[in-house]
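Taken in order, the sequence shown gives residues 1 to 254; the numbers are from the UniProt record's numbering.
A virtual CB, placed ideally from N, CA and C, is assigned to each residue, including glycine.
The block underneath contains the structure these notes are about, expressed in structure tokens.
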Amino acid sequence: MLKHKNIIVSCLLTVLVLFLLKAVWWSYFLVFLFFSGMTAWGSFDIRLHYFLKAYTHNPNITQRKIALTFDDGPHEMTEKVLDLLQKANAKATFFCIGTQMEKHPELVRRILAEGHVLGNHTYSHSKTFGFFSTQKIKEEIERNDEILLNITGKKIKLFRPPFGVTNPNIAKALSVTGHQVIGWNIRSLDTVIAAEDMIFNRIQHKIQPGGIILLHDTSLKTVRVLERLLLFLQAEHYEMVTVDALLNVQAYEN
């Protein structure tokens, strides 16, 4: 398995061999390009577990169970999402942003009251999150935990980094906070793709038992896709469960 530390060791050993062989200068440049490429890939693809362990699916499940997850809320559209989930008797996991929870605490309470699970998605969901120091990342996570605790009385254990970005600073911060990182293996790209049909088809083709679907409860477009997706999953006899149930992990400390 590709790991950041393994790649560093491999590259250093390669450089040593090149030095002993008196290799040409561009050989070192190729090693640098390889290291940079692997680091960039590992930073943006949470499924690689390059910097830290992340749950992206449950490969051991044979029953038709799947987890719907929603990022970046709560939002005005979250209520519509909850209505659809309730109608379909489906459970989901919501990775919430602190600034949004401050605006919509009643939606956070409704999420919990209706049997869904809450996760930490940082306080601000900054676009520069990947460049934060370890201390700043820790503060973002802990501040969000505090908001969730004040609203729900629950101490959250599940965390999803903004954009799915991982790096050494994020890994260090999480080693202190003790959160379990939840990724995905079915990315809808619903914040990028405009056409609802394309989003639905992208998800549908990747459906499999034990999968984790990434959606965002922030647009009417996603609400419409969700309505179709729920009908499809029901027709295929899938049970929609929370990620802690899918992965057999704890969602809360209390």
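Integer Cβ distance of residue i from residue j, believed to fall under 8 Å
| i | j | result |
| --- | --- | --- |
| LYS157 | GLN250 | 5 Å |
| THR69 | PHE44 | Contact doesn't hold; Cβ gap of about 18 Å is too wide. |
| SER126 | ASN169 | With a Cβ gap of about 13 Å, SER126 and ASN169 do not count as contacting. |
| MET240 | ALA90 | 4 Å |
| LEU215 | ALA67 | With a Cβ gap of about 11 Å, LEU215 and ALA67 do not count as contacting. |
C-beta atoms of residue i and residue j nearer than 8 Å
| i | j | result |
| --- | --- | --- |
| ASP217 | GLY119 | no |
| GLU139 | SER124 | no |
| THR152 | ARG109 | yes |
| ASN254 | ILE212 | no |
| LEU52 | VAL181 | yes |
| TYR238 | LYS65 | yes |
| ALA92 | THR242 | yes |
| GLU227 | LEU30 | no |
| ILE61 | GLU102 | no |
| PHE163 | GLN204 | no |
| GLY183 | ARG47 | yes |
| TYR28 | VAL17 | no |
| VAL50 | LYS3 | The residue asked about is misnamed: residue 50 is Tyr in this sequence, not Val. Going by C-beta atoms, TYR50 is nearer than 8 Å to LYS3. |
| PHE200 | LEU220 | no |
| ILE111 | LEU149 | no |
Residue of the options minimising C-alpha distance to residue i
| i | options | result |
| --- | --- | --- |
| ASP190 | VAL24, ILE182 and ARG224 | ARG224 |
| ASP71 | GLY98, ILE147 and PHE51 | GLY98 |
| HIS57 | GLY210, ASN254 and VAL15 | GLY210 |
| ASN167 | THR128, GLU142, TYR28 and ALA194 | THR128 |
| ASN144 | VAL192, HIS121 and PHE163 | HIS121 |
| LYS136 | ALA171, ALA195 and ILE147 | ALA171 |
| PRO161 | LYS155, LYS154 and ALA173 | ALA173 |
| ASP244 | VAL15, HIS179 and ASN89 | HIS179 |
| ILE207 | LEU220, ILE193, LEU82 and GLU236 | GLU236 |
| THR78 | PRO105, PHE34 and ALA23 | PRO105 |
| ILE8 | GLN63, PHE34 and ILE193 | PHE34 |
Simplified DSSP assignment, three categories, for residue i
| i | result |
| --- | --- |
| THR152 | helix |
| ALA171 | helix |
| ALA194 | coil |
| VAL15 | helix |
| PHE131 | helix |
| ARG160 | coil |
| THR177 | helix |
| ALA92 | strand |
| GLU114 | coil |
| VAL243 | helix |
| ILE147 | helix |
| ILE182 | strand |
Limits of the alpha helix (DSSP H) - the one that residue i falls within
| i | result |
| --- | --- |
| THR78 | 78-88 |
| GLU253 | Per DSSP, GLU253 belongs to no alpha helix (DSSP H) and is neither H nor E. |
| LYS103 | 98-103 |
| ALA235 | 220-235 |
| ALA67 | Note, ALA67: premise wrong, no alpha helix (DSSP H); beta strand (DSSP E) at 65-73. |
| LEU118 | Note, LEU118: premise wrong, no alpha helix (DSSP H); beta strand (DSSP E) at 117-120. |
Delimiting residues of the beta strand (DSSP E) encompassing residue i
| i | result |
| --- | --- |
| LYS3 | Careful: LYS3 lies outside any beta strand (DSSP E) and carries neither H nor E. |
| LEU52 | Run containing LEU52: none; DSSP gives neither H nor E here. |
| LEU215 | 212-216 |
Cβ-heavy atom distance, residue i to the ligand ATP, below 7 Å
| i | result |
| --- | --- |
| ALA23 | The ligand ATP is not part of this structure, which contains no ligands at all. |
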